[in-house]
DNA sequence: CAGTTCGGTTTAGATTTTCAACCGAATTAT
DNA sequence: ATAATTCGGTTGAAAATCTAAACCGAACTG
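As structure tokens, this is what we get:
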């Protein structure tokens, strides 16, 4: 796949990779510590063939790496690469924007916290020092006041990206957006 | 539309609005100063019915506002609302990430500059002061070394978001990604 | 008053997504 | 030993979405 957008534009290039309903959700899952095919499927709700396709695409683009575990069997883990982890500030930005503009105050499903102070992050700015490596390693994502039980259970576990956790039973329901659609 | 993702998750909520190939590209166009239906169509390449649908959705969500100009005729402009303009840091983040990870050095189609220093912005960090309004008003987006003529012509004009510009003739071509797909 | 522009809608066909069924290899249970 | 289950998919059929082109009315232009 060469990508649908032919424009010379950094945003169009991004959309060629992430401009669909599932890819970024799969990356989110990877940050939540999900590594197994079946866990991605259960936790995102994506169909298996589509999930298979998107995982391959992410592996092709070196956002994830596929590692064969289990001596001979069909057992793999998908891990975030360094490139994949570099998406963290972007995901954090998306959470912050969504919380401010899509959810009523006090109903945010997830929150971005400063790891240092524990305070909720509400806004962000570009950093002008081009010599520094990526920052935003000092951010955590935790369940917000609008999180349901399933979400809360998964987000009370640790830092982001998290190490792998076992496959608990989850069923997600009802969002509750500020503006309808 | 209620949204495809039912999960209680700020990222899923975002994807319910922006998780497709065109919506964010239309918002980008709005930042580039595009306001008219036909200009959106020509500059994004989206089919008219899909563009119509997406513009309505963005108006519903108050990212854009539709203003009737021209006394009686079918003449409208779509303007970014304050909520729409609040997406600027997110779009800037996307450009910065794409430039670092999708394009070879020196072939970035668009660049994010500090308005103050004129320097290229390479990374960003969250701002922990929750009392401040959105920042990143001091950023400009300009054509990068990898921009083609069409892109360059449109991006040499001014600040971002730009005021409306006339409909020049553009035809976009060939991207050139670091990793194939 | 004929043709063009603007902002769409409609329709038909192509593509993508969903959903369920199926599959082989390995692992666990009886 | 053999049956059932898990894992990581693939296949195929139906539904939904997207593309591309045709069409449309209401200005406005020549």
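Residue numbers (our numbering), protein chains in the order written: chain A, 1 to 181; chain B, 182 to 362.
Beta carbons are placed, not taken as given, at the ideal position from N, Cα and C, and that holds for glycine.
Remember, it's a predicted structure, so these values are computed and weren't measured experimentally.
Close beta carbons around residue i, own chain, < 7 Å, minus the five adjacent residues each side
{"i": "residue 34(A)", "result": "40 and 43"}
{"i": "residue 326(B)", "result": "287, 288 and 289"}
{"i": "residue 38(A)", "result": "none"}
{"i": "residue 324(B)", "result": "291, 332, 333, 336 and 337"}
6 Å Cβ shell around residue i - same chain, five flanking residues per side excluded
{"i": "residue 179(A)", "result": "Here the model assigns residue 179(A) a pLDDT of 45, short of 50, so the residue's position is not dependable, and the following value carries that caveat. Nothing listed; no residue qualifies."}
{"i": "residue 197(B)", "result": "184 and 186"}
{"i": "residue 257(B)", "result": "247 and 249"}
Minimum Cβ-Cβ distance from residue i to chain A less than 7 Å
{"i": "residue 195(B)", "result": "yes"}
{"i": "residue 326(B)", "result": "no"}
{"i": "residue 276(B)", "result": "yes"}
{"i": "residue 185(B)", "result": "yes"}
{"i": "residue 255(B)", "result": "no"}
{"i": "residue 299(B)", "result": "no"}
{"i": "residue 223(B)", "result": "no"}
Closer than 7 Å at the beta carbon, the chain A residues around residue i
{"i": "residue 289(B)", "result": "10"}
{"i": "residue 230(B)", "result": "Correct list: empty, because the minimum Cβ distance to chain A is about 17 Å."}
Contact with chain B by residue i, beta-carbon distance below 7 Å
{"i": "residue 34(A)", "result": "no"}
{"i": "residue 154(A)", "result": "no"}
{"i": "residue 90(A)", "result": "yes"}
{"i": "residue 28(A)", "result": "yes"}
Cβ-Cβ separation, residue j to residue i (assumed contact under 8 Å), whole Å
{"i": "residue 273(B)", "j": "residue 245(B)", "result": "The pair is not a contact, with the Cβ atoms about 19 Å apart (cut-off 8 Å)."}
{"i": "residue 276(B)", "j": "residue 11(A)", "result": "6 Å"}
{"i": "residue 103(A)", "j": "residue 194(B)", "result": "7 Å"}
{"i": "residue 278(B)", "j": "residue 52(A)", "result": "Contact doesn't hold; Cβ gap of about 25 Å is too wide."}
{"i": "residue 189(B)", "j": "residue 147(A)", "result": "5 Å"}
{"i": "residue 50(A)", "j": "residue 78(A)", "result": "Actually they are not in contact, since the Cβ atoms of residue 50(A) and residue 78(A) sit about 15 Å apart, beyond 8 Å."}
{"i": "residue 201(B)", "j": "residue 45(A)", "result": "Contact flag wrong, Cβ pair sits at about 17 Å."}
Residues that residue i contacts on chain B, provided the C-beta gap is smaller than 7 Å
{"i": "residue 83(A)", "result": "282"}
Contact set between residue i and chain A, taken where Cβ atoms lie within less than 9 Å
{"i": "residue 267(B)", "result": "97, 100 and 101"}
{"i": "residue 206(B)", "result": "5, 7, 9, 11, 12, 15 and 19"}
Heavy atom of the ligand GTP within 6 Å of residue i beta-carbon
{"i": "residue 265(B)", "result": "Among the ligands in the structure shown, none appear at all, so the ligand GTP cannot be discussed."}
Same chain only: Cβ atoms within 8 Å of residue i, ignoring 5 sequence neighbours per side
{"i": "residue 133(B)", "result": "The question about residue 133(B) has no answer here: the residues shown for chain B are numbered 182 through 362."}
{"i": "residue 132(A)", "result": "Note that residue 132(A) scores a pLDDT of 37, beneath 50, so its modelled location is shaky and nothing firm can be said."}
Under 8 Å by beta carbon: chain A residues contacting residue i
{"i": "residue 260(B)", "result": "Simply none; closest approach about 17 Å."}
Identify every run of the beta strand (DSSP E) within the segment 60-100 of chain A, keeping only runs that are complete inside it and at least 3 residues long; order them along the chain.
-> 64-69 and 75-80
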